[in-house]
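Quick note on this note's numbering: the sequence shown kicks off at 1 and runs consecutively.
Beta carbons are placed, not taken as given, at the ideal position from N, Cα and C, and that holds for glycine.
Quick caveat, the model's predicted, so the values are computed rather than measured.
Quick notes on the structure that follows.
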Amino acid sequence: MTQDEMKKAAAAAALEYVESGMVIGIGTGSTANHFIDLLAEVKHKIDATVASSVVSADRLEAHGIKVLDLNDAGTLSLYVDGADESNKALHLIKGGGGALTREKIVAAASEKFVCIADESKLVDTLGKFPLPVEVIPMAQAYIAREIIKMGGKPVLREGFTTDNGNIIIDVHDMEIIDAIKMEADFNKLAGVVTVGLFASRPADVLILGTPNGAVTV
Ligand code: 5RP
Numbered sequence: 001m002t003q004d005e006m007k008k009a010a011a012a013a014a015l016e017y018v019e020s021g022m023v024i025g026i027g028t029g030s031t032a033n034h035f036i037d038l039l040a041e042v043k044h045k046i047d048a049t050v051a052s053s054v055v056s057a058d059r060l061e062a063h064g065i066k067v068l069d070l071n072d073a074g075t076l077s078l079y080v081d082g083a084d085e086s087n088k089a090l091h092l093i094k095g096g097g098g099a100l101t102r103e104k105i106v107a108a109a110s111e112k113f114v115c116i117a118d119e120s121k122l123v124d125t126l127g128k129f130p131l132p133v134e135v136i137p138m139a140q141a142y143i144a145r146e147i148i149k150m151g152g153k154p155v156l157r158e159g160f161t162t163d164n165g166n167i168i169i170d171v172h173d174m175e176i177i178d179a180i181k182m183e184a185d186f187n188k189l190a191g192v193v194t195v196g197l198f199a200s201r202p203a204d205v206l207i208l209g210t211p212n213g214a215v216t217v
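Listed below in structure tokens is the structure:
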């Protein structure tokens, strides 16, 4: 099975969490795209969705699936999204696609967060995947200096602007032992919009695509 087929297997397994009348939060990325395409087959079951990015909203609407503004949706029953890394506590690194801020907002507004990924995303220690940080542009140099003090190597994501008009700094070479503390430390820095650590609000369920099908962690 290819990595993409494993992503699709995880996405298909997440359909089991979809119930009649739900408004569902939808993530961003290739695994979330599989979920969107599969959701289209059962779209009559759900009320609507809330998207975590413009690109996911466009894909949902292309399938004829209703997309609401989060402000009009109230608390969401379910959020389904991919991840760049997960540890066994279901603390995640997200933001490889740059949608981390809206993803974190939609995850926070959801009762259940089902994370879908291929098995390569499960790691013992977070941090091999560069940690994305969304930053207000004028704070770029300041935040880069703070990241160096924290022991990381800041790399600007060249030519990329988030849906919110900000930049992404990817933090390399940071071994993340205490993800909850590190998330809080980044959140204290003026100019940081969002850090791609999802630890204070981790996933509730992790579905991994494996060569033998989907496995729930
Ligand atoms: C986007 C994300 C994605 O969930 C993450 O990058 C995983 O992507 P993919 O499903 O393509 O492997 O956080 O901001």
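What separation, rounded to the nearest whole angstrom, lies between the Cα atoms of Y17 and R59?
21 angstroms
For ligand 1, residues whose Cβ lies under 5 angstroms from any non-hydrogen atom:
T28, G29, S30, T31, G82, D84, K94, G95, G96, G97, A99
Beta-carbon proximity list for V215, same chain, < 7 angstroms, skipping 5 on both sides:
L208
For the putative contact between S52 and E103, defined by C-beta atoms under 8 angstroms, what is the C-beta separation to the nearest angstrom?
4 angstroms
Nearer than 8 angstroms: is that true of the beta carbon of I169 relative to any heavy atom of ligand 3?
Ligand 3 is not part of this structure, which contains only ligand 1.
Test item: CB-CB of S120 and T75 under 9 angstroms
no
Quick check on the DSSP output: what are the complete beta strand (DSSP E) runs of length 3 or more inside the region 106-192, in order along the chain?
110-118, 131-135, 153-156, 167-172
Alpha carbon to alpha carbon, what distance is there between C115 and A11?
9 angstroms
In chain order, what residues of the same chain have a beta carbon less than 6 angstroms from the beta carbon of P211, not counting five sequence neighbours either side?
M1
Local conformation of I46 per DSSP, three classes
coil
Can you tell me which of the three DSSP states D58 falls into?
helix
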